[in-house]
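Worksheet: one structure, shown below.
Protein chains: 2
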Amino acid sequence: MGGLSIGQVAERTGLSVHALRFYEREGLLADPVRRESNGRRVYTEEDVDWLNMCIKFRSSGMPLDTIRKYTDLVRQGAGNEADRLALLKSHQDHVRAQIEELNECLNVITWKVDIYQEHVNAGTADCLWVTPSTQTASEAS
Amino acid sequence: MGGLSIGQVAERTGLSVHALRFYEREGLLADPVRRESNGRRVYTEEDVDWLNMCIKFRSSGMPLDTIRKYTDLVRQGAGNEADRLALLKSHQDHVRAQIEELNECLNVITWKVDIYQEHVNAGTADCLWVTPSTQTASEAS
DNA sequence: CTAGAAGCTAGAGCGCTCTCTAGGTCAACC
DNA sequence: GGTTGACCTAGAGAGCGCTCTAGCTTCTAG
Numbered sequence: 001m002g003g004l005s006i007g008q009v010a011e012r013t014g015l016s017v018h019a020l021r022f023y024e025r026e027g028l029l030a031d032p033v034r035r036e037s038n039g040r041r042v043y044t045e046e047d048v049d050w051l052n053m054c055i056k057f058r059s060s061g062m063p064l065d066t067i068r069k070y071t072d073l074v075r076q077g078a079g080n081e082a083d084r085l086a087l088l089k090s091h092q093d094h095v096r097a098q099i100e101e102l103n104e105c106l107n108v109i110t111w112k113v114d115i116y117q118e119h120v121n122a123g124t125a126d127c128l129w130v131t132p133s134t135q136t137a138s139e140a141s
Numbered sequence: 001m002g003g004l005s006i007g008q009v010a011e012r013t014g015l016s017v018h019a020l021r022f023y024e025r026e027g028l029l030a031d032p033v034r035r036e037s038n039g040r041r042v043y044t045e046e047d048v049d050w051l052n053m054c055i056k057f058r059s060s061g062m063p064l065d066t067i068r069k070y071t072d073l074v075r076q077g078a079g080n081e082a083d084r085l086a087l088l089k090s091h092q093d094h095v096r097a098q099i100e101e102l103n104e105c106l107n108v109i110t111w112k113v114d115i116y117q118e119h120v121n122a123g124t125a126d127c128l129w130v131t132p133s134t135q136t137a138s139e140a141s
C-alpha cells in the first residue's frame, strides 16, 4: 500500500503515462501528486479514484477546462458545494442531451441498416434512400 | 425548386458555408456539387438530404474519413451493398457502445449530483466521496 | 453607377487533447 | 561497470474538424 508509480497508475486507469503527466500539468488532480525523494511521482488510491472520475467526465465529453474548474472548487475546500453542484448538474444535462441525440442518430442508422440488410439478403440492391421521411434518391447507383 | 445556394443550404443544415465547402473538398458529397455558369454551387434537395445524413453520422462520432469511405461506396454504384452494410453496422455498434458508456457516466454523475444536492439542501457539505463503491476520501475539504 | 452582400479558391490558422522527443537521472541486474 | 528500463522536465508535434483570411468576382438594390 505504499503508493503507486506512474506506470502502475497508467496500467490501472488505461491512461498513458504521458496523459497522466499531462493531466497533472493541467491541474486536473486535486493535489499535485506526491514525489519520492528522487522526484518520482507516488500516487495514492485516492488519486486513482479521482482519475477514474476524471475519465468518466472526459468520456462523457466534459472538456479539460471544466474538469479543472471542478478540481479547483474541490481544492478550495468546503463552502462552494452549490457551485460544484451547479457544474455537475449542467454536465448531467449535457450528457442527457448527448444520449438523446445519439438515440436519434441510432434510429436513422438502424433504419438504413435494416433496409440494406433486406436488400442484401434479397440480392436486390439498387435502390434509393436517404431519409426515413423523404425517401428521395441519393444513394441510387 | 431551381436549386439552393450555399447560403441557403447552410441555413437549412446548420453547417457553415465554410464547412459546406470543406465537406465538398473532402469528398463527402456523393457527387461534386453542380455549378452555375458563374461557378457558384447549386445544391439540390437530395444534396441537403445527404448532408443531413452526414450530420447524423458526424454527430454520432463517425470520422470524416469513414463518411468519405461510405460516400465512395455509394458513388461506385450498385454491387457493394454488403460493404456499405458492414460499415453502417460497425458504426451502429459504435453508437450503441457510446450510449452505453454515456449511461454509465450519467449514473456516476447523477450519484454525485444527488449527494451534493442532499448536502447542499441540508447545509452540511464537508464530506468525502469519490466513487459509489469505495467512498474514499478525495473530495474532503 | 455604386455599395454591399454573397460567392469563389487556395491555403493558413486554431482549439482541443493528447503524444512523442530530446536529453537526462536513477536503480537494479548480469 | 555497463546495460536496461522506468522515470523525470520542457517543449515540440500530431490528428481532427473545422474556421478564417486574402484577394478576387458576381449579383442585387438603390
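Chain order of the listed sequences is A and B.
For the first sequence, my numbering begins at 1 and goes up steadily by one.
For the second sequence, my numbering begins at 1 and goes up steadily by one.
Glycine is no exception: its CB is placed at the ideal position from the N, C-alpha and C atoms.
Since we're looking at a predicted model, the values are computed, not measured.
Short Cβ contact (8 Å threshold) for Leu73/A with Arg84/A: yes
Please compile the residues from chain A whose C-beta is within a distance smaller than 7 Å of the C-beta of Ser59/B. Glu101 and Cys105
Under 7 Å, CB to CB, which of the residues in the stretch 27–47 of chain B have a partner in chain A? When CB distances to chain A are screened at a threshold of 7 Å, the residues of the stretch 27–47 of chain B falling below it are Ala30, Glu45 and Glu46, in chain order.
Span of the alpha helix (DSSP H), counted from its first residue to its last, around Val95/A: Start and end: Glu81 to Ala122.
Do you know offhand how far Leu20/A's Cα is from Asn38/A's? Roughly 18 Å separates the two Cα atoms.
Mind pulling the chain A residues with CB within less than 7 Å of His91/B? The answer, in chain order, is Ile109.
Does the ligand FMN have a heavy atom nearer than 7 Å to the CB of Gln117/B? With respect to the ligand FMN, the structure shown offers nothing to examine, as it has no ligands at all.
For the alpha helix (DSSP H) containing Tyr43/B, list its first residue and its last residue. Per DSSP, Tyr43/B belongs to no alpha helix (DSSP H) and is neither H nor E.
7 Å CB neighbourhood of Ser16/B in its chain, flanking five on each side removed: Excluding five sequence positions before and after Ser16/B, the CB atoms of its chain that fall closer than 7 Å to its own CB belong to Ala10, given in chain order.
Closer than 8 Å to chain A by CB, Arg84/B: yes
Under the assumption that Val108/B contacts Lys56/A (Cβ atoms under 8 Å), give the Cβ distance between them as a whole number of angstroms. 5 Å
Nearest chain B C-beta to Tyr116/A closer than 8 Å, yes or no? Cβ-Cβ to chain B under 8 Å: yes for Tyr116/A.
Ser90/A: buried (16+ other C-beta within 10 angstroms of its C-beta) or exposed? exposed
Which of helix, strand or coil does DSSP assign to Ala140/A? With a pLDDT of 45 at Ala140/A, under the threshold of 50, the predicted position of this residue should be treated as unreliable, though the coordinate-derived value follows. If DSSP states are grouped into helix, strand and coil, Ala140/A belongs with coil.
Measure the alpha-carbon distance for Ser5/B versus Arg40/B and round it to whole angstroms. Distance between the alpha carbons of Ser5/B and Arg40/B is about 8 Å.
When the cut-off is 8 Å and only beta carbons count, does Lys165/A lie next to chain B? Shown here, chain A extends from 1 to 141; a query on residue 165/A therefore has no answer.
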